[in-house]
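Trainee: Numbering-wise, numbering that gives the first Met the number 0 puts 626 at position 627 of the first sequence, and it's gapless, one number per residue. Heads up, the beta-carbon is just placed ideally off N, CA and C, and yes, glycines get one too. Note that the coordinates shown come from a computational prediction; the quantities given were computed from them, not determined experimentally. First the structure, then my questions, so here it is.
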Amino acid sequence: MVDAELNEPQAVAAAHSRGPLLVFAGAGSGKTRVITYRVANLIANHGVAPWRILAVTFTNKAAGEMRARLETLCGADLARALWVGTFHATCAKLLRVHGAAIGVPPNFVIYDTADQKAVVTRALGDLNLDERRYPPRAVLAHIHKHKQEGRGPDEAAAHSYIDDIALRIFRAYDARLRAANAVDFEDLILLVARLLGTDAEGDKIRRRFDHVLVDEFQDTNATQYRLLSELAKTHRNLCVVGDDDQSIYSWRGADVRNIRGFRREYPDATIIKLEQNYRSSQRIVKAALGVIVRSADREPKELWTANPEGAPVQVTLARDERDEAGLVVETLRRARAEGTNLREIAVFYRVHAQSRVLEEALRAANIPYQIIGGTKFYERAEVKDALAYLRILMNPQSDVDLLRIINVPARGIGQTTVDRLVTWAGGMGEPLFEVLARVREVDDLGAAAKKKLASFRELLDDLRVAARTSTPSALLEHVLASTGYLRALEGEDTAESDARIENLRELVGSVQDYEAEAQAAGEEATLAGLLERVTLVSDVDGLEDAGRVVLMTVHGAKGLEFARVILTGMEEEMFPYKGVDPSERDELEEERRLAYVAITRARQHLTMTHTQMRQIFGKTRWNRPSRFLGELPQGVAEYAVTAAAASGAQQPSYVDRESSFEPAMRPWRHPQVPPPRFVDPDFFDDRASDVNDLSLRRGSRVAHERFGEGKVTRVIRIGEPAVVAVFPGWGEKKILARFLKPAE
DNA sequence: TCTTTGTAATTTTTT
DNA sequence: ATTACAAAGA
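Structure (structure tokens):
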């Protein structure tokens, strides 16, 4: 049925009917096509009921696209019956139905990062710990790491004093979540994975699905992996699709080993590699390969394309970030003049901090743009306030929400009153909402405070009555009016308050959208459904504005494609980005994959820019061009320099880089300037050579008098040949080659 | 309770 | 450079 539209490996993957399947899908190789065709095939030719198929993605956008394509392929009715969703949304759905078995009531709320931080802060308070000594952000990262690796507070073990404290915070945090009947993002996965481990309820969930398909499998963490293997335990119909080369979220717990080790876990898995790229020009594919082939430990694969050679990649040097922004504007103008729609163009950067200058230049040049990322709509204070009201109506136990709105808008309930209330409730072990009903019994509260608290509780009770009969949007409007929230904002009458009011209107609008969508899908629009949606939805999901250039970080670009891409800030320290501590090998590997992802987003045109100097975080830095530029193969790129950079008096310190950088023209090179003495040795990567019987290569075994035997991780120069080598027990050392001997 | 001032932090952030 | 957030002051 479908074969004519698929190439050979795609067709084999799509036709696979049962058992584990691993698909390595190179960038632009049509993986969504394979997944959707396979689903269609299962339904049409293998008699699988659509509601017994689960397809999991990481983003709502990916889920939406998949669903849309399945609708075209299978028809709207069948497609609607399929389970297509993100890990989190899918688990939330399952947890609402099955959570009771592990003590999670169906009206749980999902706490986002800000809420979680508030819970940590309160947990620290419970334990009398100093917030400065245990920054909530760091604590939260620690807790998430445990949860991402499958450990709840009971499984996490303490190995040291610090661990012990961390563990106590973890326990207090989780206790607070359970008391509030709230879950964090990690819990959604972890709790369902745990449910699957229970006999009765676990089997109930397992019996729902005959087939499980996973997109972007390289981004799964240990808990997600466990969830998947539990789900597929009986039928083993687990199909995972991903690309280890595009693994860029290890810092968020993703573990590439899941995809690299899949064939070990499932020795009978069918393995298919999609290596033909349908997206990019030959030159762009070659550029991407130049970067990724230097990656260590990758699954061997050969990305290729039958597309035309295409235009050369443009590599341009600018003087500084303002000059670079001017260059971007110029490139956009020219592209527009050539007839490219602005929405087909994207500007990427490594960190958000780079966006500001670009934004200013675009605004000055009157070029419409849209920035993805940064502060998200649902994270704005007024939106969170409004949603907190809704959440407390659904789940009155949610203390974080109650505390957020108890004095918003100001109703004379001060910090002292709140503190006393919290202390009292903490002692009673009761949700604050309950205590509000019996506020008279709280001894250390003044009469005035009691009165205000009682009337706040009355307000909430009235709203709860309204909640039973109103639609979500009507309820929201009612909340905004009857709490005086809107009135308070109107009273402020500033530009900022106007913007906030506008945001609230937008929120009401989006709730109405939700209701319309729910109706179209034949479902009831519920408060729970709405709240789940708003916490599980990010801004990238709403990206389809016409006629605007898109600005985003490279991370934000994953999964997208554009006719033309401008990749900015291609300098050492910017991209690869280097934090304070000496670059970890793994981190560099991830930067490399990130560069690969960035390059492979482009269909026809790719421009890469770098600067001689850049101001970032208030400091001026002179950086050498990114090593990734030096890795572009011969013939794919064309090199240029802006006028400002060419005329610059200062000589950047990177002129001595011909070893790996071969521009067709290098007008910025001023030979009279001597090369700097202190060249960063790390820059001279891979200077493989032989010195006195010693093989200086990455991976060679060498011996040192003091450190013993070690392995070379990098060949460098410190005025003379040298290496970076790892010695067991000593760690990484930089050693001159003449102090080394070949290992026995 | 609200304002001001000071301090620290600032990769990336699918949910 | 910017910003966010906390502590101290009015």
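What separation, rounded to the nearest whole angstrom, lies between the Cα atoms of Trp82 and Leu631?
Mentor: Their Cα atoms are separated by approximately 42 Å.
Trainee: To the nearest angstrom, report how far apart Gln633 and Arg547 are at their CA atoms.
Mentor: The alpha-carbon atoms of Gln633 and Arg547 are separated by roughly 34 Å.
Trainee: For His210, which beta-bridge partners are listed by DSSP?
Mentor: Answer by DSSP bridge pairing, in chain order: Ile52.
Trainee: Which residue's Cα is closest to the Cα of Trp50: Gly84, Ala364 and Glu704?
Mentor: Comparing Cα-Cα distances from Trp50 to each of Gly84, Ala364 and Glu704, the minimum goes to Gly84.
Trainee: Please determine, among Arg626, Gln611 and Ser625, the residue with the shortest C-alpha to C-alpha distance to Ala642.
Mentor: The candidate whose alpha carbon is nearest that of Ala642 is Gln611.
Trainee: Would you kindly check if the distance between the Cβ of Gln223 and the Cβ of Phe86 is under 7 Å?
Mentor: Yes, the pair counts as a contact, with Cβ atoms nearer than the cut-off.
Trainee: State the DSSP-derived secondary structure class of Glu522, mapped to helix, strand or coil.
Mentor: In this structure, Glu522 counts as coil in the three-state DSSP scheme.
Trainee: How do the segment 178 to 196 and the segment 86 to 103 stand: do at least 3 beta-carbon pairs fall below 8 Å, yes or no?
Mentor: Touching, yes.
Trainee: My assumption, with CB atoms under 8 Å, is that Val640 sits in contact with Thr315. Please give the rounded CB distance.
Mentor: With a Cβ gap of about 7 Å, Val640 and Thr315 count as contacting.
Trainee: If I follow the unbroken beta strand (DSSP E) through Val421, where does it start and stop?
Mentor: Premise fails: Val421 lies in the alpha helix (DSSP H), Gln414 to Met427, not in any beta strand (DSSP E).
Trainee: Would you tell me roughly how many angstroms separate the C-alpha atoms of Asn306 and Lys272, rounded to the nearest one?
Mentor: Going by the C-alpha atoms only, they are around 19 Å apart.
Trainee: Specify the secondary structure class of Thr339 as computed by DSSP and reduced to three states.
Mentor: Note: Thr339 maps to coil in three-state DSSP.
Trainee: From the DSSP output, in three-state form, read off Glu501 for me.
Mentor: DSSP places Glu501 in helix when its eight states are reduced to three.
Trainee: Please go through the same chain and pick out, in chain order, the residues whose beta-carbon is closer than 8 Å to the beta-carbon of Leu526, but skip the five residues on each side of it.
Mentor: Only Leu389, Leu392, Met393, Ala466, Pro471 and Leu474 meet the Cβ criterion.
Trainee: For the alpha helix (DSSP H) containing Arg626, name the first residue and the last one.
Mentor: First-last of the alpha helix (DSSP H) with Arg626: Arg626 to Gly629.
Trainee: Would you list, in sequence order, the uninterrupted beta strand (DSSP E) runs of no fewer than 3 residues that lie entirely inside the segment 55 to 97?
Mentor: Complete beta strand (DSSP E) runs here, min 3: 82 to 85.
Trainee: Starting from Arg262, trace the alpha helix (DSSP H) in both directions and tell me its first and last residue.
Mentor: Start and end: Phe261 to Glu264.
Trainee: For Gln603, does the count of other Cβ atoms within 10 angstroms reach 16, so buried, or fall short, so exposed?
Mentor: Under this definition Gln603 is a buried residue.
Trainee: With distance defined between alpha-carbon atoms, name the residue in Asp398, Glu358 and Leu302 nearest to Leu326.
Mentor: Comparing Cα positions, the closest option is Glu358.
Trainee: I'd like the list of long-range same chain contacts for Glu514, defined as Cβ closer than 7 Å, with 5 residues on each side in sequence excluded.
Mentor: Closer than 7 Å at the Cβ level, and outside the excluded window around Glu514, lie Thr470, Pro471, Ser472 and Ala524.
Trainee: Output the distance between the C-alpha atoms of Ala385 and Asp460, rounded to the nearest integer angstrom.
Mentor: The alpha-carbon atoms of Ala385 and Asp460 are separated by roughly 16 Å.
Trainee: Could you tell me which whole alpha helix (DSSP H) segments of length 4 or greater appear in the segment 166 to 210?
Mentor: Entirely contained in the segment 166 to 210, the alpha helix (DSSP H) runs reaching 4 residues are, in chain order, 184 to 196 and 198 to 205.
Trainee: Roughly how many angstroms lie between the CA atoms of Arg311 and Gly289, to the nearest whole one?
Mentor: Position check: residue 311 holds Pro in this sequence, whereas Arg was assumed. One C-alpha to the other measures close to 14 Å.
Trainee: Which value, in whole angstroms, describes the spacing of the CA atoms of Val822 and Glu343?
Mentor: No information on residue 822 is available, as it lies outside the stretch 0 to 743 that the chain covers here.
Trainee: When burial is assigned at 16 or more other CB atoms within 10 Å of the CB, is Glu323 buried or exposed?
Mentor: By the neighbour-count rule (16 or more Cβ atoms within 10 Å), Glu323 is buried.
Trainee: Which residues bound the beta strand (DSSP E) around Val22?
Mentor: Run containing Val22: Leu20 to Ala24, per the beta strand (DSSP E) assignment.
Trainee: With a threshold of 8 Å, are at least 3 pairs of Cβ atoms found where one atom belongs to the segment 29 to 45 and the other to the segment 5 to 19?
Mentor: Yes: at least three Cβ pairs fall under 8 Å.
Trainee: What did DSSP end up calling Thr493 once you bin it into helix, strand or coil?
Mentor: DSSP places Thr493 in coil when its eight states are reduced to three.
Trainee: What number of angstroms, rounded off, separates the C-alpha of Ala334 from the C-alpha of Thr606?
Mentor: Rounded to the nearest angstrom, the two C-alpha atoms are 11 Å apart.
Trainee: For Leu739, which residues does DSSP report across the bridge?
Mentor: BP columns for Leu739 point to His703.
Trainee: What does the Cβ neighbour count give for Tyr368, buried or exposed, with the cut at 16 atoms within 10 Å?
Mentor: Classification for Tyr368: buried.
Trainee: Cβ of Ala179 within 7 Å of Cβ of Gln414?
Mentor: Their beta carbons are not under 7 Å apart, which means Ala179 does not touch Gln414 by this criterion.
Trainee: Three or more beta-carbon pairs under 8 Å between the segment 289 to 300 and the segment 582 to 596, yes or no?
Mentor: Yes, they touch.
Trainee: Could you tell me whether the segment 165 to 173 touches the segment 236 to 247, where touching means 3 or more Cβ pairs closer than 8 Å?
Mentor: The segment 165 to 173 is not in contact with the segment 236 to 247.
Trainee: Rounded to a whole number of angstroms, what is the C-alpha to C-alpha distance between Gln650 and Glu571?
Mentor: Legend: pLDDT at Gln650 = 46, less than 50; position of this residue unreliable, value from coordinates given subsequently. The straight-line gap from Cα to Cα measures roughly 17 Å.
Trainee: Give me the residue from Ile164, Pro152 and Val138 with the minimum Cα distance to Leu126.
Mentor: Ranking Ile164, Pro152 and Val138 by Cα distance to Leu126 puts Ile164 first.
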